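K.L.:
Take this structure, written in structure tokens, and hold onto it; I'll ask about it next.
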Amino acid sequence: MTMKKLVYEWSIFIQEYGWKKILNAFLGGFVFATLAIFPLYIIFAEVLMLLSYLKELWFALIFITAIGHIALINALTLKALLLKQPQVLSHPKWVISVNAGYWMAITLLIGIIFIVVFIPILWV
Amino acid sequence: MNELAEKYWPTFKLLLLPYLLLLFLLIWPIDYTIYCPGGLADVSDTVSIDYDDSNSPAGSFSTTYIMSVKRPSFFQFMVAYFLDVTETYTLSASDKTHTNAESYQISQLQKTTSVQVAIVAAYQAINAVKPEITVVEVIKTLVSDKASYLSYYDQIEYGDEFISMVGDNGLVLPFNAEPGDSECDNDADNDGIIDTACSLSDAIAINTRLAPSYAFTFRHADGENYTLVLTKNTDTNAFGLSLTMYHLLDENGTDPDFVALPSNIGGPSGGLMTALYIYDSLASGDLTHGMKIAGTGTINYDGSVGYIGGVKQKIATAYFFGADIFFIPYLADTSNDNYIEALAACEELGINPDGWLIGVQTLQDTITYLEGLGE
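Protein chains in written order, with numbering that gives the first Met the number 0: chain A, 0 to 123; chain B, 0 to 374.
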């Protein structure tokens, strides 16, 4: 995968769907994914308060949940796009997967830095 | 968005009630407190002594803190109910009336005064060996709690020093100061010191019978005195003020200097370990012998140790974090003694207490025990 291909696919994808449809689909994906995942965040945060001596584990689970949240947002965004406009020439699945992979990797990196570096510094 | 809503509407309808129920269980607070394991806090991070000959121990001294979850959700309550290391209690009357911010302020006041008392106890203990280490204590009466109906609630801060109040029979002073004209002035031997007086709260109650409002004088932490006219609450017939006497440090007469470093951990239960760390910093030799020494217990200015709460959680915490020795108050052979409770907790959690759990009555007990390990 090259940057050139990525830019090309994105431009075709945006051209075909238009920003309005993409943002509308993303909003739908975000709202429904957040509704689904929200209780998990609360569950892990509340268990973290009870068993804080295992804080690294609970924070790891919270970050894994965040990664799942991102995956679900992107999956639902794709679903919404395909429901809006099923017949397309671009490759929305590929574009959305790359987008999801990018944000999941960023979240994973932030999670690792938070657990390895910031928890030992900040925790009491 | 509409496409998703239409597609998932049947599922959404089906899951709506269980979802709302789940949110209710996760969010709705209930009037309980859950005690949970917390962590070990190295005392060297909370107190620093400015002493040339201070030694750096090969091991460490740690206080043991626990987490207290006030007004947990149903979900937390259910999880805590089934865990071995947590305990649930109904919310105390004091907890019900305090906000989290107030509870934090109270616990910080307890921590601050506890560190000072620990320094008094440790300096006095080391003074016998190193006379150049001196400590001068002062007795202060501080605002330790406030009721919501207290007049001028916001002006009077936790930790402000009570200076005096003008009562029916004259000036009521804290008993460490020069005696006043209170009915409670029981200076039997006429040496200017009240020996067997009634408590300050009784002295105030006796001297505030005739009017609804009286003038009280306090001193802020910055040294500024202020006087306020406080009015009694008609329901409780009280001013809504708790005053507690503390043995604190006079920094001018205390050598070497010390710095109490800021920390989020509050409460008085780190007193024993703080005193032990300070003693070890000033003494020759290393009491830690390279071990991770943890413990709990309040400390009094005379070096005696006092009870603490959350024994089971503290035992679990110290064990999880690999403490080599754990000191705990052992003052009586009764079921509610901390050491006896700790033995029961060890049995329940599958911890072998032999040589690990050490019951002590005084700071000197801990010093003697650790010195004995080196022989």
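Here a beta-carbon is modelled for each residue, glycine too, at the ideal position from N, C-alpha and C.
No experiment lies behind these values; they were computed from the predicted model shown.
With H, G and I counted as helix, E and B as strand and the rest as coil, what does DSSP make of Met0 (chain B)?
P.N.:
Coil.
K.L.:
Our contact map puts Val116 (chain B) next to Thr253 (chain B) with C-beta atoms below 8 Å; I'd like the distance itself, whole angstroms only.
P.N.:
About 13 Å; that fails the 8 Å criterion.
K.L.:
Since Cys35 (chain B) meets chain A, which of its residues come closer than 8 Å, beta carbon to beta carbon?
P.N.:
Within 8 Å Cβ-Cβ: Met48, Leu49, Leu50, Ser51.
K.L.:
Could you give the distance in angstroms between the alpha-carbon of Asp83 (chain B) and the alpha-carbon of Leu348 (chain B)?
P.N.:
Asp83 (chain B) and Leu348 (chain B): Cα-Cα distance of roughly 7 Å.
K.L.:
Within 10 Å of its beta-carbon, does Leu3 (chain B) have 16 or more other beta-carbons around it, so buried, or fewer, so exposed?
P.N.:
Burial call: buried.
K.L.:
Would you say Ile41 (chain A) reaches chain B, if we count a Cβ-Cβ gap shorter than 9 Å as a contact?
P.N.:
Chain B contact via Cβ: present.
K.L.:
Short check: CB of Thr316 (chain B) to CB of Thr63 (chain B), under 9 Å?
P.N.:
Cβ distance < 9 Å, so Thr316 (chain B) and Thr63 (chain B) count as in contact.
K.L.:
How about Val142 (chain B) and Leu240 (chain B): do their beta carbons lie closer than 9 Å?
P.N.:
Yes, they are a contact pair.
K.L.:
Closest Cβ-Cβ distance between Glu45 (chain A) and chain B: below 9 Å?
P.N.:
Answer yes: the Cβ-Cβ gap between Glu45 (chain A) and chain B drops below 9 Å somewhere.
K.L.:
Could you tell me which residues DSSP pairs with Lys313 (chain B) in its beta bridges?
P.N.:
BP columns for Lys313 (chain B) are empty, so no partner.
K.L.:
The alpha helix (DSSP H) that contains His68 (chain A), what's its start and end?
P.N.:
Segment 54 to 83, the alpha helix (DSSP H) holding His68 (chain A).
K.L.:
Is Val94 (chain A) helix, strand or coil when you go by DSSP?
P.N.:
Helix.
K.L.:
Can you tell me the Cα-Cα spacing of Ala196 (chain B) and Phe73 (chain B), whole angstroms?
P.N.:
With a pLDDT of 48 at Ala196 (chain B), under the threshold of 50, the predicted position of this residue should be treated as unreliable, though the coordinate-derived value follows. Straight-line Cα distance between these residues: approximately 48 Å.
K.L.:
So, with DSSP's three-state summary, where would you put Ser168 (chain B)?
P.N.:
Sequence inspection shows Asn at residue 168 (chain B); the Ser mentioned does not correspond to that position. Coil at Asn168 (chain B), not helix or strand.
K.L.:
Leu229 (chain B) bridges to which residues according to DSSP?
P.N.:
Per DSSP, B:Tyr213.
K.L.:
Give every residue of the same chain whose Cβ lies closer than 8 Å to the Cβ of Ile36 (chain A), excluding the five residues on either side of it in the sequence, and list them in chain order.
P.N.:
Contacts found: Thr64, Gly67, His68, Leu71.
K.L.:
Near Thr10 (chain B), what residues of its chain come up, given a Cβ to Cβ distance below 8 Å and the 5 sequence neighbours on each side ignored?
P.N.:
Excluding positions up to five away in sequence, the list is empty.
K.L.:
For His246 (chain B), which beta-bridge partners are listed by DSSP?
P.N.:
Answer is B:Ile138.
K.L.:
Could you name the residues of chain B that Ala79 (chain A) contacts, counting a contact when the two beta carbons are closer than 8 Å?
P.N.:
By Cβ distance, chain B contributes Met0, Glu2, Leu3.
K.L.:
At least one CB of chain A closer than 9 Å to the CB of Gly38 (chain B): is that the case?
P.N.:
Chain A contact via Cβ: present.
K.L.:
By alpha-carbon positions, which one of B:Thr226, B:Tyr318, B:Ala237, B:Tyr31 ends up nearest to Asn206 (chain B)?
P.N.:
Taking only the C-alpha atoms, the option nearest Asn206 (chain B) is B:Ala237.
K.L.:
Tell me which residues of the segment 56 to 82 of chain B have at least one Cβ-Cβ distance to chain A shorter than 8 Å, keeping chain order.
P.N.:
Residues passing the 8 Å Cβ filter: Tyr64, Met66, Val68, Pro71, Ser72, Phe74, Gln75, Val78, Ala79, Leu82.
K.L.:
Whole-angstrom Cβ separation of Gly265 (chain B) and Tyr34 (chain B), contact assumed at under 8 Å?
P.N.:
Wrong, their Cβ atoms sit about 15 Å apart, outside the cutoff.
K.L.:
Looking at the C-beta of Trp122 (chain A), does it have a partner C-beta in chain D at a distance below 9 Å?
P.N.:
The structure shown contains no chain D; the protein chains it does contain are A and B.
K.L.:
By the 7 Å beta-carbon criterion, what residues does the segment 63 to 89 of chain A contribute toward chain B?
P.N.:
Residues passing the 7 Å Cβ filter: Leu75, Lys78, Ala79, Leu82, Lys83.
K.L.:
Within the 9 Å Cβ cut-off, does Thr85 (chain B) reach chain A?
P.N.:
Yes, Thr85 (chain B) counts as interfacial toward chain A.
K.L.:
Near Tyr148 (chain B), what residues of its chain come up, given a Cβ to Cβ distance below 7 Å and the 5 sequence neighbours on each side ignored?
P.N.:
Once the five neighbours on either side are set aside, the close Cβ partners of Tyr148 (chain B) are Asn232, Gly239.
K.L.:
Can you list, in chain order, the stretches of the beta strand (DSSP E) that have 3 or more residues and sit fully within the segment 95 to 138 of chain B?
P.N.:
Counting whole runs of 3 or more residues, the segment 95 to 138 of chain B contains no beta strand (DSSP E) stretch at all.
K.L.:
Note down, in chain order, every chain B residue with its Cβ under 8 Å from the Cβ of Leu56 (chain A).
P.N.:
By Cβ distance, chain B contributes nothing, its closest Cβ being about 12 Å from Leu56 (chain A), past 8 Å.
K.L.:
Checking contacts by CB at 9 Å: is Gly28 (chain A) closer than that to chain B?
P.N.:
Gly28 (chain A) counts as touching chain B.
K.L.:
Closer than 9 Å by beta-carbon distance: list the chain B residues that pair up with Phe31 (chain A), in chain order.
P.N.:
Chain B residues near Phe31 (chain A): Met0, Leu3, Ala4, Tyr7, Phe11.
K.L.:
Taking DSSP as the reference, what is the three-state secondary structure of Val115 (chain A)?
P.N.:
Val115 (chain A): helix per DSSP, three-state reduction.
K.L.:
Which same chain residues end up closer than 8 Å to Tyr118 (chain A) when comparing Cβ atoms and leaving out the 5 residues on each side of it in sequence?
P.N.:
Checking the sequence, you will find Ile at residue 118 (chain A) rather than Tyr. Lys54, Glu55, Phe58.
K.L.:
Does Phe325 (chain B) have its Cβ less than 9 Å from a Cβ in chain A?
P.N.:
So, not an interface residue.
K.L.:
For the alpha helix (DSSP H) holding Met77 (chain B), just list the boundary residues, first then last.
P.N.:
Its alpha helix (DSSP H) spans residues 73 to 81.
K.L.:
Using a Cβ-Cβ distance cut-off of 9 Å, determine whether Ile118 (chain B) contacts chain A.
P.N.:
Chain A contact via Cβ: absent.
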